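*Asks:* Dumping the structure here so I can ask a few things about it.
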Amino acid sequence: MLINEIAKQCGVTKKAVRYYVEQGLIVPKIMENGYADFSENDARLLKQIVLYRRLGLSIGDIKRTIKTPEEISRILHQRTLELEQEKAKQELLKRIAAGESVENLESEIDNIGADTIIIKKLLDLFPGYYGEFISLNFSAYLTGEIETDEQMTAFHQITEFFDNAPDIELPEDLREFLDEQSSLYSGEEGAEIIGSILEKRNRAIEDIETFVNDNKEFITEYSKTRQTAEFKNSPAFRLMEYMKSFCESSGYYDIFIPAMRKISPLYDTYYEQMLRANSKFLKLNPEFSE
7 MLINEIAKQC
17 GVTKKAVRYY
27 VEQGLIVPKI
37 MENGYADFSE
47 NDARLLKQIV
57 LYRRLGLSIG
67 DIKRTIKTPE
77 EISRILHQRT
87 LELEQEKAKQ
97 ELLKRIAAGE
107 SVENLESEID
117 NIGADTIIIK
127 KLLDLFPGYY
137 GEFISLNFSA
147 YLTGEIETDE
157 QMTAFHQITE
167 FFDNAPDIEL
177 PEDLREFLDE
187 QSSLYSGEEG
197 AEIIGSILEK
207 RNRAIEDIET
217 FVNDNKEFIT
227 EYSKTRQTAE
237 FKNSPAFRLM
247 EYMKSFCESS
257 GYYDIFIPAM
267 RKISPLYDTY
277 YEQMLRANSK
287 FLKLNPEFSE
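Letter 127 of the sequence shown, counting from 1, is numbered 133 in our numbering, and no numbers are missing.
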């Protein structure tokens with residue numbers, strides 16, 4: 007069908023259709039006379055684009071969603087955080103309208119969305135399900151307010167770290183692996199899986215000796231598997247090594263983690279527990295220290 011036909015069918019202007027074609031969202035067949043020939047599949051795709059635009063998605067969001075449908079879960083999570091931030095702003099505006107001085111609310115205004123900004127930057131920095139996993143991992147420790155100068159300094163250190171951190175450039179095969187894995191952890195079911203993983207991890211950290219005793223067979227088999235060429239060439243291992251290298255070179259351990267411990271007493275407590283658990287685990291399983 008020609009451009010005027012698809013525009014009429016989808017309820018948009020011809021200029022809008024041309025714009026989406028220019029953005030690479032729709033790729034019609036070009037006929038010998040130079041006219042674009044849109045298929046029924048193009049029409050279905052255009053209708054999706056129109057509906058996504060009405061929901062407020064950007065062109066970039068739509069591109070990612072078309073390529074990876076599971077991306078919509080990340081967008082939903084990000085939008086939820088933004089709505090919470092807007093609610094906080096509205097409450098402060100009500101207080102100002104009621105007579106409070108805006109100057110006296112400076113610290114609360116600065117505090118709006120501190121955790122949201124951190125999580126959003128994490129989602130942007132780490133693609134797919136890994137970003138969502140880190141978001142869920144850290145958001146539980148960022149529910150409190152910034153109450154001290156030390157916490158505010160730590161917040162600025164965290165945001166500056168993510169502002170200046172280099173982009174993660176994964177090899178194409180690892181990106182494909184990550185996209186495949188992200189589908190396993192998307193939506194409500196994925197959130198439940200992640201929640202279950204985190205719960206088990208926290209129980210293990212609280213009593214690492216019991217965890218090791220209850221999982222001796224699994225730990226032994228995993229230790230053997232780690233030494234195989236197949237494991238070391240697997241996408242999962244290569245991705246883990248890539249992210250480990252990135253974290254070491256980017257200052258993640260030297261800047262972000264210390265700042266997190268200062269900004270969140272909850273995370274500081276967890277981190278201390280994790281260090282103790284890791285030390286005990288390596289004593290019980292020295293082969294993992296290699």
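We put the CB at the ideal spot given by N, CA and C, even for glycine.
The structure displayed is predicted, hence computed values, not measured ones.
Taking the alpha carbon of Ile12 as the reference point, which residue from Val33, Val27, Phe44 and Pro241 has its own alpha carbon closest?
*Replies:* Within the sequence shown, the letter at position 6 stands for residue 12. Measuring from the Cα of Ile12, the nearest candidate turns out to be Phe44.
*Asks:* Which partner residues does Lys35 have in the DSSP bridge list?
*Replies:* For the purposes of this step, residue 35 is taken as the residue at position 29 of the sequence shown. Answer is Asp43.
*Asks:* Buried or exposed, going by whether 16 or more other CB atoms sit within 10 Å of the CB of Lys35?
*Replies:* Here the question's residue 35 lines up with position 29 in the sequence shown. Counting Cβ neighbours within 10 Å, Lys35 comes out exposed, since fewer than 16 surround it.
*Asks:* Let's test the definition: count the other Cβ atoms within 10 Å of the Cβ of Lys23 and tell me whether it reaches 16, buried, or not, exposed.
*Replies:* As a position in the sequence shown, residue 23 is number 17, starting the count at 1. The displayed chain sequence assigns Val, not Lys, to residue 23. Buried is the call here.
*Asks:* Can you give the Cα-Cα distance for Arg85 and Phe287, rounded to whole angstroms?
*Replies:* To locate residue 85, count along the sequence shown from 1; it is residue 79. To locate residue 287, count along the sequence shown from 1; it is residue 281. Roughly 39 Å between the two C-alpha positions.
*Asks:* Counting along the chain, where does the alpha helix (DSSP H) carrying Ile261 start and finish?
*Replies:* Numbered from 1 along the sequence shown, position 255 holds the residue referred to as residue 261. Note, Ile261: premise wrong, no alpha helix (DSSP H); not H, not E.
*Asks:* Starting from the Cα of Lys289, find the closest Cα among Val218, Lys53 and Glu77 and give me that residue.
*Replies:* Position 283 of the sequence shown, counting from 1, holds the residue named residue 289. Selected option, being the one with the closest Cα: Val218.
*Asks:* Find the nearest neighbour of Tyr25 within the set Leu52, Thr226 and Asn284, judged by alpha-carbon distance.
*Replies:* The sequence position of residue 25 within the sequence shown is 19, counting from 1. Checked all of Leu52, Thr226 and Asn284; the closest Cα to Tyr25 is Leu52.
*Asks:* I need the straight-line Cα distance from Glu205 to Pro75, nearest angstrom please.
*Replies:* Counted from its first residue, the sequence shown places residue 205 at position 199. Counted from its first residue, the sequence shown places residue 75 at position 69. Spanning the two alpha carbons is a distance of roughly 28 Å.
*Asks:* If we ignore side chains and look at the alpha-carbon of each, how far apart do Glu106 and Leu281 end up?
*Replies:* As a first step, residue 106 must be located in the sequence shown, where it is residue number 100. As a first step, residue 281 must be located in the sequence shown, where it is residue number 275. Roughly 45 Å separates the two Cα atoms.
*Asks:* Work out the CA separation of Phe144 and Ser270 for me, nearest whole Å.
*Replies:* Within the sequence shown, numbered from 1, the residue matching residue 270 stands at position 264. Within the sequence shown, numbered from 1, the residue matching residue 144 stands at position 138. Rounded to the nearest angstrom, the two C-alpha atoms are 10 Å apart.
*Asks:* Cutting at 7 Å between CB atoms, please list the residues of its own chain near Phe237, excluding the five before and the five after it.
*Replies:* To locate residue 237, count along the sequence shown from 1; it is residue 231. Thr231 and Phe243, listed in sequence order.
*Asks:* Note down the Cα distance separating Ile214 from Ala283, rounded to an integer number of angstroms.
*Replies:* Here residue 214 refers to the residue found at position 208 of the sequence shown. Here residue 283 refers to the residue found at position 277 of the sequence shown. Each residue's alpha carbon lies about 6 Å from the other.
*Asks:* Report the three-state DSSP secondary structure of Thr234 (helix, strand or coil).
*Replies:* For the purposes of this step, residue 234 is taken as residue 228 along the sequence shown, with counting starting at 1. In this structure, Thr234 counts as coil in the three-state DSSP scheme.
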